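**Student:**
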Amino acid sequence: MQTAKDLKQYREELHESLDNEFLRTILDNFAVAYRAGRANAFKGMDVKGLISEVAACKDEATLHHAELYAQFKENAEKAGVKVHWAKDAEEANRIICDIARANDCKSVVKSKSMTAEETLLNHALEDENFEVIETDLGEWIIQLRHEGPSHMVMPAIHLSRFQVKDLFSEVTGKEQETDIDKLVKVARRELRQKYVNADMGISGANFAVAETGGIGLVTNEGNARLVTTLPKVHVALMGIDKLVPKLHDALRILKVLPRNATGQAITSYVTWITGSNECAVGPDGKKEIHFVLLDNGRSELFKDPLFSQVNRCVRCGACANVCPVYRLVGGHKMGHIYIGAIGLILTYFFHGKDKAKNLVQNCINCEACKDICAGGIDLPRLIKEIHSRIQDEEGHPLPSLLLGKVLKNRKLFHTLLRTAKWAQKPMKESDQFIRHLPMMFSQHDFKALPTIADTPFRDMWKDIKPEVKAPKHRVALFSGCVQDFVYPEQMKACVQLLGDAQVDMDFPMDQSCCGLPVQMMGEMKAARDVAEQNLRAFQHGNYDYIITLCASCASHLKHNYPKLVKGNPRLESLAMEFSNKVIDFSSFANDVLGLDAEGFRKTGEKATYHAPCHLCRGLDVHEAPHKLIEAAGLEYVECDEEEVCCGFGGTFSMKFPELSSELLNKKLNNVEATGAKTLLTDCPGCIMQLRGGLKRRGSDIQVKHIAEALAANKK
Amino acid sequence: MTVQQRIDLFTEKATAVSAVVVEVAKPADALDYVVDLCGKKEACQLLASGCEAPLSDKAEKLCEAKRDKVIAAPGLDPELFKQLKTRCDELGFKLIDSGMRNHLAGIDIGFTEVQHGIAETGTLVQESSSEELRLATMVSEIHVALLPKSRIVDDSYDLEEYLLGAMKNAPNYHAFITGASRTADIERVLALGVHGPLELHILLLED
């Protein structure tokens, strides 16, 4: 659970995870195995189609949740089930304790339920002296250890067999072995007697089907079947987000949920309980069943135009499975009770801003979660939005406020950059790196930092702009601040290539930073102002395309600008027009210009590639860069985890240098393993990170923008 | 899909999740299979590992409650049950079709008929409103399920109408069963048989 009071304390807590070798290894292995398992489970299926169907049916359910609840309740009651509405966690727990007391229950067996974790139900029951036993193996283990889950689907993933062996030895009073199969059998037999003695079974529900009034439970171990069969009373606690209109919706979600969660086509058991079934020890031979539907802020959330999509979450946990940050620090540090990307969001709504305020900053915005989400939720955007809301409520931290103010004023920003060029002089090395970082940056020493260029691209433009006699395309260049002021040579390479290909270019001087850094820091107002500034700067040219060599800028301009200016019709249409024209360099060079091997010298040198998050996921561009590498006369060799984040994440690397450095390490190990001496990519931020890291390693691998590789081998 | 394609896909998917799939020509063959299987296994041994593992005194006591080899076949066709009884009597196995709550320490084999199979995932669909039947498939160490080949469908959507019909006639308890009970909760290592059967055998009946 999240207890840190401030970011500093939170960062100290993160160190505990970073130092935990076992955790790091198991999460690494899991991340790799998960990707392969999932791909296999979805083989031959239209995954995107299925996800959008799930999104659509959940959106429908969100819209009509009140009617669905009424229909569900009516049908369930007709079949002999008692249905309760709980407005918050406390009320849910009180209802359940009352049921236990009214039925004279003493012992409770539970099947895994995240909703019961959310309400801290066990504490409430134990406070009233009921014995509570978790029966899901992972849940039982963490219950015995008095911990919370560290993953939604695998709650005890953070523990080793040795820890479990010690725990079970303590519980049974007999020395156990470390053999996992044996440990599982010990749990089987220890827990069997608990089912026998229990008078109440508590489960969650994966589906509450309105048209039948029944629930569906998805499990592998089979504990939910025993929990809902043996005791005389069954209570199912579920969030109102589990309501779906039809059985078909549940069957549809069932096609995605296990595949996305663990790479299984389906779990071992799916249990459909409709009505009060036969139960030998129940009153009149019938089971006493209660369904408790928990609101806890959900119905408010459903009304929010942006956050209502949170209701699409089916709790598969996939957002954690692919999160590079979760992979480093685990669920206890990447969540409060709900973990992973969805956990950062739910924590804010269910457990409050105090629990969420540090967590939400720990998103590197790589979009891996958005890409994998079974409900197609735009998780990174929601996380940033919460970050911004918390800052609005609590006050903005000074650095973020300052950056916002500076970026809003292009002239001031650019003057500061130009001044920095002089300020860095004493620290400058001959090779474009800063020699010694000032003390305050000592934690950032895992990578060398670049210097500001002598001449920014904007100052070169009038001298290098090529004359194009018979233009095939008319385009505008968007440089972004890094390529303008730090790496103008990348823009130069692009200008040379495009000029040769008869592309007429323009560079609107009023353009400024794209605004992504301020959005990352939760400064939404500043992000909007910067967007407007850029929209105005490009509005008068009659361009076919707006080209940028920075994947992050491209994705931000394309996807976020229309959202940022929402509410202002004039700007909205401007932003739509603008965003439709935005294209990344690789897609333009490969798909539009069709650059091929003919125009380039063939060296056959090996080159590997790092796929920037905002290119591969943000813009869904995967193949174009590979083709360009081959076109440039190089031999493309794929490195492991090509599409995993390098750890830059803009301001993230400043805020969490320890995490950024670990992500970079993994990336560079994979790069070095290819044996290539050239590393290409499509984003100046990634280049800054990768180049700086390789410099610190003393490596001779050259990092370049793909445009530079092409320009260098131009015939 | 043709009938044969469905059977093949069902077999492939069920086998992939550790189920044993066997084709039987007639019901009597299924009965032979069950008693044969029961004869081969040891009484109340949690397969692979189990009884030798030390337990707490309370759990040990529950385990000691069971001595005989027990087959439970609740809900079985009466004629088949009679035939099975003859076989069990010969071999000294106890055959029951009710009173499952007296056998919660575990039984050796739960033998049940299932209504449908889903080829896409190798899943069995079982109407489990009877508590005896439900328990037999949960506390048995081996679950043997009898599925007529003609009852296999392509995909879960094909059973939607059937399921809806059953659910609207509540109370109703339906189970989708795919492979044996499993967990990967310790170090993500797959282990079969946590709370439910350690093995699932599916007998595909020619019909």
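Taken in order, these protein sequences are the chains called B and X. My numbering applies: residue 1 is where the first sequence begins, and numbers increase by one. My numbering applies: residue 716 is where the second sequence begins, and numbers increase by one. Positions of the beta carbon are idealized from the N, C-alpha and C atoms, including for glycine. All figures in this text were calculated on a predicted structure; none of them were measured in a lab.
Under 8 Å, CB to CB, which of the residues in the segment 167-189 of chain B have a partner in chain X?
**Tutor:** Answer in chain order: VAL171, THR172, GLY173, LYS174, GLU175, GLN176, GLU177, ASP179, ILE180, ASP181, LYS182, LEU183, VAL184, LYS185, VAL186, ALA187, ARG188 and ARG189.
**Student:** In three-state terms, what does DSSP make of B:TYR326?
**Tutor:** Translated into the one-based positions of the first sequence, residue 326 of chain B becomes position 326. It is helical.
**Student:** Give a yes or no on whether the minimum CB-CB distance between B:HIS248 and chain X is below 8 Å.
**Tutor:** The count along the first sequence starts at 1 and reaches residue 248 of chain B at position 248. By this cut-off, B:HIS248 is an interface position.
**Student:** Could you tell me which uninterrupted alpha helix (DSSP H) segments, each at least 4 residues in length, are contained entirely in the segment 413-489 of chain B, listed from first to last along the chain?
**Tutor:** Correct list: 457-464 and 480-485.
**Student:** Near X:ASP922, which residues of its chain fall below 7 Å by C-beta distance, leaving aside the five closest residues on each side in sequence?
**Tutor:** Start at 1 with the first residue of the second sequence, and residue 922 of chain X comes out as number 207. So the list reads PRO863, LYS864 and SER865, once near-sequence residues are dropped.
**Student:** With 8 Å set as the bound, which would you pick, yes or no: does the beta-carbon of X:ASP900 sit closer than that to a beta-carbon of chain B?
**Tutor:** Mapped onto the second sequence, residue 900 of chain X falls at position 185. Yes, contact with chain B.
**Student:** Is the separation between the beta-carbon of B:GLN689 and that of B:GLY522 shorter than 8 Å?
**Tutor:** Residue mapping note: residue 689 of chain B aligns to position 689 of the first sequence, counting from 1. Residue mapping note: residue 522 of chain B aligns to position 522 of the first sequence, counting from 1. In this structure, B:GLY522 does not lie closer than 8 Å to B:GLN689 by Cβ.
**Student:** Helix, strand or coil: which one does DSSP assign to B:LYS255?
**Tutor:** Counting from 1 along the first sequence, the entry for residue 255 of chain B is found at position 255. Residue state, collapsed to three classes: helix.
**Student:** Helix, strand or coil, according to DSSP, for B:ASN534 in the structure here?
**Tutor:** Working through the first sequence from its first residue, we reach residue 534 of chain B at position 534. DSSP places B:ASN534 in helix when its eight states are reduced to three.
**Student:** For B:PHE207, does the three-state DSSP call read helix, strand or coil?
**Tutor:** Reading the first sequence from its first residue, position 207 is the one you call residue 207 of chain B. Residue state, collapsed to three classes: strand.
**Student:** Consider the Cβ of B:ILE96: report whether some Cβ of chain X lies at a distance smaller than 8 Å.
**Tutor:** By one-based count along the first sequence, residue 96 of chain B stands at place 96. No - not a single Cβ of chain X is within 8 Å of the one on B:ILE96.
**Student:** Got a sec? Which residues, its chain only, sit under 8 Å from B:GLY222 by beta carbon, not counting five neighbours each side?
**Tutor:** Here residue 222 of chain B refers to the residue found at position 222 of the first sequence. Cβ within range, chain order: SER268 and TYR269.
**Student:** Check the Cβ-Cβ distances between B:MET154 and every residue of chain X, and say whether any is below 8 Å.
**Tutor:** Within the first sequence, the letter at position 154 stands for residue 154 of chain B. So yes, B:MET154 belongs to the interface.
**Student:** Quick check: X:ALA906 and X:ARG897, are their CB atoms within less than 8 Å of each other?
**Tutor:** Residue mapping note: residue 906 of chain X aligns to position 191 of the second sequence, counting from 1. Residue mapping note: residue 897 of chain X aligns to position 182 of the second sequence, counting from 1. Yes. Within cutoff.
**Student:** Taking Cβ positions, are B:GLN424 and B:ILE383 nearer each other than 8 Å?
**Tutor:** Counted from its first residue, the first sequence places residue 424 of chain B at position 424. Counted from its first residue, the first sequence places residue 383 of chain B at position 383. In this structure, B:ILE383 does not lie closer than 8 Å to B:GLN424 by Cβ.
**Student:** Check whether chain B comes within 8 Å of X:SER925, counting only Cβ atoms and requiring the distance to be less than that.
**Tutor:** No answer is possible for residue 925 of chain X: it lies beyond the span of chain X, which begins at 716 and ends at 922.
**Student:** What three-state label does DSSP hand B:LEU593 in the structure shown?
**Tutor:** The residue you call residue 593 of chain B lines up with position 593 of the first sequence. Looking at B:LEU593 - three-state DSSP - the assignment turns out to be coil, as it is neither helix nor strand.
**Student:** Count the CB pairs spanning the segment 547-554 of chain B and the segment 605-622 of chain B that are closer than 8 Å, and state whether there are at least three.
**Tutor:** Yes: the two stretches touch, three or more of their Cβ pairs being nearer than 8 Å.
**Student:** At the level of alpha carbons, what is the spacing between B:GLY401 and B:LYS525?
**Tutor:** For the purposes of this step, residue 401 of chain B is taken as the residue at position 401 of the first sequence. For the purposes of this step, residue 525 of chain B is taken as the residue at position 525 of the first sequence. It is worth fixing the name first, because residue 401 of chain B is Leu in this sequence and not Gly. Roughly 10 Å between the two C-alpha positions.
**Student:** Quick one, which of B:GLY80, B:ASP354 and B:LYS447 has its alpha-carbon nearest B:LEU663's?
**Tutor:** Here residue 663 of chain B is taken as the residue at index 663 of the first sequence, counted from 1. It is B:LYS447 whose Cα lies nearest to the Cα of B:LEU663.
**Student:** At a Cβ cut of 7 Å, what residues of the segment 12-37 of chain B count as close to chain X, listed as they run along the chain?
**Tutor:** The residues in question are ILE26 and PHE30.
**Student:** From B:VAL486 to B:ALA66, what does the alpha carbon distance come to, in whole angstroms?
**Tutor:** The residue labelled residue 486 of chain B in the question sits at position 486 within the first sequence. The residue labelled residue 66 of chain B in the question sits at position 66 within the first sequence. Roughly 55 Å between the two C-alpha positions.
**Student:** Identify the contact partners of B:TYR326 in chain X, using a Cβ-Cβ distance below 8 Å as the criterion.
**Tutor:** Your numbering for residue 326 of chain B matches position 326 in the first sequence. Here the premise fails: no neighbours, minimum Cβ distance about 15 Å.
**Student:** B:THR347 to X:GLY832, Cα distance in whole Å?
**Tutor:** Along the first sequence, read from residue 1 onward, the residue named residue 347 of chain B stands at position 347. Along the second sequence, read from residue 1 onward, the residue named residue 832 of chain X stands at position 117. If I take the Cα positions, the gap works out to 41 Å.
**Student:** What does B:GLU280 touch in chain X if you count any residue whose Cβ is under 9 Å from its own?
**Tutor:** Translated into the one-based positions of the first sequence, residue 280 of chain B becomes position 280. Looking at the sequence shown, residue 280 of chain B is not Glu but Ala. Ordered by position in chain X, the residues that pass the 9 Å Cβ test against B:ALA280 are MET815, ARG816, GLU846 and GLU847.
**Student:** Residues in the same chain with beta-carbon distance under 8 Å from B:HIS559, minus the five sequence neighbours each way, listed in chain order, please.
**Tutor:** As a position in the first sequence, residue 559 of chain B is number 559, starting the count at 1. Hits under 8 Å: SER579 and GLY618.
**Student:** Consider the Cβ of B:ALA265: report whether some Cβ of chain X lies at a distance smaller than 8 Å.
**Tutor:** Your numbering for residue 265 of chain B matches position 265 in the first sequence. Yes, B:ALA265 lies at the interface with chain X (some Cβ there is under 8 Å from its Cβ).
**Student:** Are the segment 694-711 of chain B and the segment 348-367 of chain B touching, with three or more C-beta to C-beta distances below 8 Å?
**Tutor:** No, the segment 694-711 of chain B is not in contact with the segment 348-367 of chain B.
**Student:** Chain X partners of B:ILE202, CB-CB under 9 Å?
**Tutor:** Taking the first sequence and counting its residues from 1, the one referred to as residue 202 of chain B is at position 202. Going along chain X, no residue has its Cβ under 9 Å from B:ILE202, so there is no contact; the nearest lies around 15 Å.
**Student:** Say whether the segment 367-386 of chain B touches the segment 306-324 of chain B, bearing in mind that this needs 3 or more beta-carbon pairs closer than 8 Å, one atom from each stretch.
**Tutor:** Verdict: yes, contact present.
**Student:** Which residues does DSSP list as the beta-bridge partners of X:VAL868?
**Tutor:** Along the second sequence, read from residue 1 onward, the residue named residue 868 of chain X stands at position 153. According to DSSP, X:VAL868 bridges with X:ILE833.
**Student:** Just confirm the distance between the C-beta atoms of B:ALA100 and B:VAL108, as a whole number of angstroms; I'd bet it's less than 8 Å.
**Tutor:** For the purposes of this step, residue 100 of chain B is taken as residue 100 along the first sequence, with counting starting at 1. For the purposes of this step, residue 108 of chain B is taken as residue 108 along the first sequence, with counting starting at 1. Rounded, the Cβ-Cβ distance is 7 Å, consistent with contact.
**Student:** Can you give me the Cβ contacts of B:GLU385 inside the same chain, cut-off strictly under 7 Å, excluding the 5 residues immediately before and after it?
**Tutor:** Against the first sequence, residue 385 of chain B aligns to sequence position 385. Hits under 7 Å: LEU306.
**Student:** So what's X:ALA734 in DSSP terms, helix, strand or just coil?
**Tutor:** The residue you call residue 734 of chain X lines up with position 19 of the second sequence. Looking at X:ALA734 - three-state DSSP - the assignment turns out to be coil, as it is neither helix nor strand.
**Student:** Assuming the contact rule is C-beta atoms closer than 8 Å, B:GLY499 and B:PRO471 should be a hit. Round their C-beta distance to whole Å, please.
**Tutor:** Locating residue 499 of chain B in the first sequence gives position 499, where the first residue counts as 1. Locating residue 471 of chain B in the first sequence gives position 471, where the first residue counts as 1. About 10 Å separates the two Cβ atoms, so there is no contact after all.
**Student:** Return the bridge partner residues of B:GLY216 from the DSSP annotation.
**Tutor:** Against the first sequence, residue 216 of chain B aligns to sequence position 216. Bridge partners of B:GLY216: B:PHE207 and B:TRP272.
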